[in-house]
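In full-length UniProt numbering, the protein residues as written are 1 to 132. Virtual Cβ for every residue (Gly too), placed ideally from N, Cα, C.
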């Protein structure tokens, strides 16, 4: 993998992570459900097209790499989240590590996410083993 692909993937991941927690709630607040659908289509589709269709991350024939979900998770972990409050509008929902958050209360959730992802990956592998 060359440096151009790595940088393109990093920038796309940063855009998707930033967009999910800033652009998406803003468009949801402005245009209600239509804004949510438009933001989802623009943010996630752009990230997928750059990473996979433009060749930033090469995919083999039936394989997949969870790149955008990882960047969104890291954005929430490091930077926090923004939520839409019906009365106050856009407010910070949670603080991330970079804003002084303590991970002690979230360690069990993070652990269970990793266990669930591992179990899902194994079950998918077991179900598709005959395809290989």
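Cβ atoms of residue 80 and residue 161: under 9 Å apart, would you say? With the chain represented from 1 up to 132, any question about residue 161 goes unanswered, as that position is not in the structure.
Among 12, 76, 37, 40, which residue has its Cα nearest to the Cα of residue 53? Cα-wise, what sits closest to residue 53 is 12.
With a threshold of 7 Å on Cβ separation, who are the neighbours of residue 194 within its own chain once the five nearest residues in sequence on each side are excluded? The structure shown does not extend to residue 194, since the chain is modelled only from 1 through 132, so no value can be given for it.
What does DSSP give as the partner residue(s) for residue 81 in the beta ladder? Residue pairing by DSSP places residue 81 opposite 94 in a beta bridge.
CA-CA distance, residue 50 and residue 84? Straight-line spacing of the CA atoms in residue 50 and residue 84 works out to 28 Å.
Per DSSP, which residues does residue 89 bridge with? Please list them. 85.
Residue 21: which of 34, 111, 40 sits nearest, CA to CA? The shortest C-alpha separation from residue 21 is found at 40.
Answer yes or no: do residue 15 and residue 47 have a C-beta to C-beta separation smaller than 9 Å? Yes, the Cβ-Cβ distance between residue 15 and residue 47 is below 9 Å.
Spatial neighbours of residue 43 within its chain, please: CB distance less than 8 Å, with the 5 preceding and 5 following residues excluded, ordered by chain position. Cβ neighbours of residue 43 beyond the five flanking positions: 15, 16, 19, 20, 23, 24.
Hey, how far is the Cα of residue 2 from the Cα of residue 68? A straight-line Cα-Cα distance of about 20 Å links residue 2 and residue 68.
Do residue 121 and residue 29 have their CB atoms nearer than 9 Å? No, the pair does not count as a contact, with Cβ atoms beyond the cut-off.
Using C-beta distances below 6 Å, list every residue in its chain close to residue 129, excluding the 5 sequence neighbours before and after it, in chain order. If we look at residue 129 and ignore the five residues flanking it on each side, it has no Cβ neighbours.
If you follow the alpha helix (DSSP H) that residue 39 is part of, which residue opens it and which one closes it? Residue 39 -> alpha helix (DSSP H) spans 24-48.
Which word fits residue 82, buried or exposed, when buried means at least 16 other C-beta atoms lie within 10 angstroms of its C-beta? Classification for residue 82: buried.
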